[in-house]
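Notes follow once the structure below has been shown.
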Amino acid sequence: MNLAATGMAAAVAIGLMTALIAALLPARPALIGTGTALTGAAAVAAGAAALAGGSFSVVLPDVLPLSGVSLTLDPLGALFVAVTGGVAVAAGIYSVSYADTADLRARGVQTALPVFVVAMVLVPAAANVGTLLVCWELMALASLVLVVAEHRRGPRVASAGRWYAVMTHLGFVSVLIGLMVFVAQAPDDSFTALREAGRQLSPAVAGVVFVLTLAGFASKAGIVPLHAWLPRAHPEAPSHVSALMSAAMVNLGVYGVVRVGVDLLGGGPAWWWLLVLALGAVSAVYGILQAAMSSDLKRLLGLSTTENMGLVLIGVGAAGLFASSGDHALAALALTAALLHLVGHAAFKTVLFLAAGSVLHATGTRDLDALGGLRPVMPVTTAAFGVGALAASALPPGTAFVSEWLLLQALIHGLPAGGVAAAIAMPVAVAAVALTAGLAVATFVKAFGVGFLAKPRSDAVVDAHESPLTMLAGMGVAAVVCVVLALWPAGILPAVQAAAGGVAVSGDVILRLDQVTGALSPLLLALGLVAAVVVVAGVVRTAAVRRVRRTARLWDCGGGPMSARMEYTATSFAEPLQRVFDDVVQPELDVDVSHHQESRYLVQAVEYRRKVPDRIERRLYQPVLRLIAAWGRAGRGLAPGSVHRYLGYGFYAVCGVLILLAVTR
Amino acid sequence: MYVQLLDLACGALLLTAVLVLWRRELVVIIRVFALQGAALAVLVGVLAAHENSAELWAVALGVFVLRAGVLPYLLRRALAGAGESRREASPLVNVSASLLAAAALTLLAYAVSQPLVALAPSAATQAIPVGVTVVLIGFFVLVTRRRALSQLVGFLLMDNGITAVGFLTTTSVGLVVELGVSLDVLLAVLVLQVLTTRMRETFGDTDLDELRELRD
């Protein structure tokens, strides 16, 4: 038994043991949190060992009826196992104090947490369709329990739970049908057999399999237009669960696309990957645009997940496109960029959600317009959120910067590679990535600046306090990983390239692209930035020292001392963006001006309400929901309450079947 | 002799089922039902004589006691407790239409049972359509009668039909199985009787359409 196998066995054993303890003994969040963190640590060890070359596989035919359990850790799966484990470590440590509330101490919730982690660790390790689907469903059910954990907080939680339950199961059905069609063409349901069969599949069947599985996996990844559950479920879930869902679970959607599309079906025609690319681009832009408009901190983060998964899918789509036109070096580069972005996203989204949870824990609100002024009272949380926001902003020295730079390099150099389709798709994708990066900066400046800096906007913030030590430790772990990834991505690049199945980037301090010209050193860039800031600060300081220092009140236009009501709010910060993208987001504005009784020329109060509805949701989901509601109402007509009618249904059904039998036989 | 007795018993079974549809007074319906129970017992007895099986004789006796004795007695007691108009008020489908429907159901039963009969043609299996007809007529009574009591009769009619088909197909259902089924039926009748009484106490009537308000 090598380290990978030991790690996997330890992860599953510790996770299930923790779940058992949670189910049988009275609630002990400290124990459960520690167990979850240990599960994650074992998964990280297993993933790292497998990425270093110690892959393993095990077949347990008796555990599941019919197909049996079959597990394999190849580099691609191992990367996802390691990422999931890493998120679980941070979330587990964090939950020790965070989950110590009445709602979260409930036995079912405490049990679901380790089960959720174990299921997520097993999904990328599954080596046959049966195991994959069972773990996938287990993951969906456990996360559903966790999403509705705080259902006493209000009806929104229940609504989020319903959306999540319906969409995740529709996605599951789609994946199920797709994989069943695939398995029908193969001797058995193991991935080895499917890999063989995938090469001989007719284009039509392969296309059906790919589109069905893509729909299912994309809904899990929160890709537009199947994203509707994500901005609902992520804010309403407890924050450590949000972190697990947003940083680990959505990744598995990408895993599914890569596993089925690239690995099992062996690539495919260009249109598959153009579809993936288009979905990714639309998700990235639309997700970040909605996030920029949002003034709910956790909803903003959830929508940013859609954006980042979109960016990852752009990379995956580009990789598939390059591979279909035979340019495997660029394909490796694009897939490396996508997977690196995925790892970075897992790190910074963990920090951000955990920090948001810390804010929620301290103030009881997620509304950015009611926050502000948290820096003096919650310095560590503020610092952690700052690190996460910088990492998410695609600016140097940030985590997302490196991966988006690699992605852009792949897209730009892809121009001559792939014919007409690529010649049109690549510049559009480059524009989408650039626009997304710009909007992401605005979004996270808003989240950080409005949420944490300036003066407090409500009493909730004034009474805030820094979170307990374990919560800070959970955030700290993830924040350190963020910084390391930002400054020394070379540390993880070998692992990512092993998963991507091709070496495209080399170098330690300076990253050099192997096939195309391009080099970047995040560390030197960061040092340069620091040096520049120091120099500028020094110059300003020396220039200022020469003058005589004078203390005076800040200029406030004569309006009296500046109050919190004069600050930028999240809504006002997003207003210019909202104007620019007016046609896209179509906000609903409502301005009420009331005048003084004495004079119509004096304004007494101005009331401004803005709502940014999800257009895609309105266009796409409302008609379907209306149809289902109409169907339900029609169904009510069948049930008027008459016992005779109900008995009659049975009678007519029996007679109908008998007549059918008599006629057709 | 065996075949003629068998056919006679089956004929009585079918005739009583149709009579239940035809007559509207509940007292008469219960009497007819008791008659049908006796016919069923005779059917089992004929089979027992043919198979020369003591077990089957015991079953026949049990069937007679339950279906011609205990169940009609229970029904009659429920009716006496009712003290309401003894006549079946008005079925949802009038008598002549009911009889036509019964004819159609008989045809259907014959058409459907052909493959069953063809599996193992014998005097007993030839009579299977009669059992199926009784089941269908019982279901029809269940659907079209208003009073809880006459619906109960419909339910018991169905059960008689099922028992008849069971004996005709396998000859020996087995004492234990038949005992279980009979106990089941007895229990169902007792429960339904209690329900009927409670309904009458609550709503003053046992017209099931009054329950319409209870939904949602």
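Quick mapping for you: the protein sequence lines, in order, are chains A and B. All residue numbers for the first sequence refer to UniProt numbering, where the first residue is 1 and numbers rise by one. All residue numbers for the second sequence refer to UniProt numbering, where the first residue is 1 and numbers rise by one. Glycine is no exception: its CB is placed at the ideal position from the N, C-alpha and C atoms.
Residues of chain A with a Cβ closer than 7 angstroms to the Cβ of B/Ala111 are, in chain order, Ala662. Residue-level contact check: B/Thr197 does not touch chain A, since none of the beta carbons of chain A fall below 9 angstroms from its beta carbon. Residues of the same chain with a CB within less than 6 angstroms of the CB of A/Leu589, apart from the 5 flanking positions on each side, are Arg610 in chain order. Look at the segment 223-244 of chain A: it has no residue with a C-beta under 8 angstroms from a C-beta of chain B.
Taking 8 angstroms as the upper bound for CB-CB distance, A/Thr399 and A/Ala486 are in contact here, some 4 angstroms apart.
For A/Leu658, at least one C-beta of chain B is nearer than 9 angstroms to its own C-beta.
Only those residues of the segment 630-655 of chain A whose C-beta falls short of 8 angstroms from the nearest C-beta of chain B are listed: Ala639, Pro640, Gly641, Ser642, Val643, His644, Leu647, Gly648, Gly650, Phe651, Val654 and Cys655. Per DSSP, A/Ser57 is not a residue of any alpha helix (DSSP H); the beta strand (DSSP E) it occupies stretches across Phe56 to Leu60. Linking A/Leu297 to A/Pro623 through their CA atoms gives a straight-line distance of about 29 angstroms.
Linking A/Leu330 to A/Val545 through their CA atoms gives a straight-line distance of about 54 angstroms. Annotation for A/Ser242: the continuous alpha helix (DSSP H) segment containing it runs Ser239 to Leu244.
Taking 9 angstroms as the cut-off, the beta carbon of A/Tyr98 is found no closer than this to the beta carbon of A/Gly558. Judged by DSSP secondary structure, A/Lys611 falls within the beta strand (DSSP E) whose first and last residues are Val603 to Lys611. Note on geometry: alpha-carbon atoms of A/Arg636 and A/Gly650 lie some 17 angstroms from one another. Neighbours of B/Pro115 in chain A, taken as residues at a C-beta separation under 9 angstroms, are given in chain order as Leu661 and Arg665. Between A/Gln578 and A/Arg615, the C-beta gap is not smaller than 9 angstroms, which leaves the two residues out of contact. Secondary structure note for B/Leu99: its alpha helix (DSSP H) is the uninterrupted segment Val95 to Leu119. Close to chain A, meaning a Cβ-Cβ distance shorter than 7 angstroms, are the following residues of the segment 143-159 of chain B: Val143. Cβ-Cβ distances below 8 angstroms link B/Thr125 to Leu116, Val117, Leu119, Leu168 and Thr169 in the same chain, with the five nearest sequence neighbours on each side left out; the list follows chain order. Of all residues in the segment 117-145 of chain B, the ones placed with a Cβ closer than 8 angstroms to any Cβ belonging to chain A are Leu136, Phe139, Phe140, Leu142, Val143 and Thr144, in chain order.
Burial is judged here by how many other beta carbons sit within 10 angstroms of a residue's own beta carbon; A/Pro456 has at least 16 and is buried.
A/Leu627 has its alpha-carbon roughly 10 angstroms from the corresponding atom of A/Arg633. For a Cβ distance threshold of 7 angstroms, nothing in chain A lies close to B/Leu168: the least Cβ distance comes to about 18 angstroms. Nearest Cα to B/Val135 within the set B/Arg24, B/Arg31 and B/Gln36: B/Gln36. Within chain A, the residues placing a beta-carbon under 8 angstroms from that of B/Leu92 are His644, ordered along the chain. The segment 269-283 of chain A makes no contact with the segment 120-131 of chain A: fewer than 3 CB pairs, one atom from each, lie closer than 8 angstroms. The segment 21-29 of chain A and the segment 462-480 of chain A do not touch, with fewer than 3 CB-CB distances between them shorter than 8 angstroms. Taking 9 angstroms as the CB threshold, B/Leu192 stays off the interface with chain A. Between the C-alpha atoms of A/Ile412 and A/Ser403 there is a straight-line separation of about 14 angstroms. Residues of chain A with a Cβ closer than 7 angstroms to the Cβ of B/Leu61 do not exist, since the nearest Cβ in that chain sits about 32 angstroms away. At a beta-carbon threshold of 8 angstroms, the residues of chain A lying near B/Leu108 are Cys655, Leu658, Ile659 and Ala662, ordered along the chain. Under the three-state reduction of DSSP output, A/Asp459 falls in the helix class. Taking the C-beta atoms as reference points, A/Pro75 is found no nearer than 9 angstroms to A/Tyr255. When beta bridges are read from the DSSP output, B/Asp184 appears opposite no residue. A/His234 sits close to A/Phe353, with the two beta carbons spaced by under 9 angstroms.
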